[in-house]
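In the numbering used here, the protein residues as written are 18 to 178.
Each residue gets a CB set at the ideal place from its N, CA and C atoms; glycine is no exception.
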């Protein structure tokens, strides 16, 4: 039987397991930052586009306002530690690539890092943005795509078989 509940109670029932992703952004000093995301989606087939939602208090929001590029990273099943680090620490305070010992190589679009242990990575140029309450939705056109066929994707909480 359906009951009318408040939003947090209702959402708690339906949001797990969920896909999580990370975004790589460029810091003002030219280094790179990682943010863990639960709010992202594919928005177009032609041209291919993804949207990511970033809170206005997040350092990555500032980075995206300054530099209009991001890599959307679908993490591998073995990347729990970097997901936790990038979702709990601010890039204002630490270098997440160094602290998380992230292995990467320069992508083709503005050399943003492609994470070696990711399941997939999409290099995006921001083509639009929409304010959505306390977040902004950044819409990125995919310029280059990378996939690692040997790595399973991470789900939160991790799936059990």
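Per-residue DSSP class, three states only, for residue i
i, result
"residue 101", "helix"
Alpha-carbon to alpha-carbon, residue j and residue i
i, j, result
"residue 177", "residue 159", "Residue confidence is low: residue 177 scores 44 on pLDDT, short of 50, so the model does not pin down where it sits. Its coordinate-derived value is still stated next. Distance between the alpha carbons of residue 177 and residue 159: 32 Å."
"residue 70", "residue 21", "27 Å"
"residue 102", "residue 25", "25 Å"
"residue 106", "residue 40", "14 Å"
"residue 61", "residue 144", "12 Å"
"residue 42", "residue 18", "45 Å"
"residue 168", "residue 95", "8 Å"
"residue 150", "residue 139", "26 Å"
One or two residues paired with residue i in a DSSP bridge
i, result
"residue 52", "40"
"residue 72", "152"
"residue 123", "130"
"residue 80", "Bridge partners of residue 80: none, in fact."
Enclosing alpha helix (DSSP H) for residue i [first to last residue]
i, result
"residue 114", "113-116"
N-terminal and C-terminal residue of the beta strand (DSSP E) that residue i is part of
i, result
"residue 92", "Unbroken run through residue 92: none, as it is neither H nor E."
"residue 58", "57-61"
Contact check, residue i vs residue j, beta carbons under 8 Å
i, j, result
"residue 136", "residue 91", "yes"
"residue 198", "residue 66", "A query on residue 198 cannot be resolved here, the shown segment of the chain reaching from 18 to 178 and no further."
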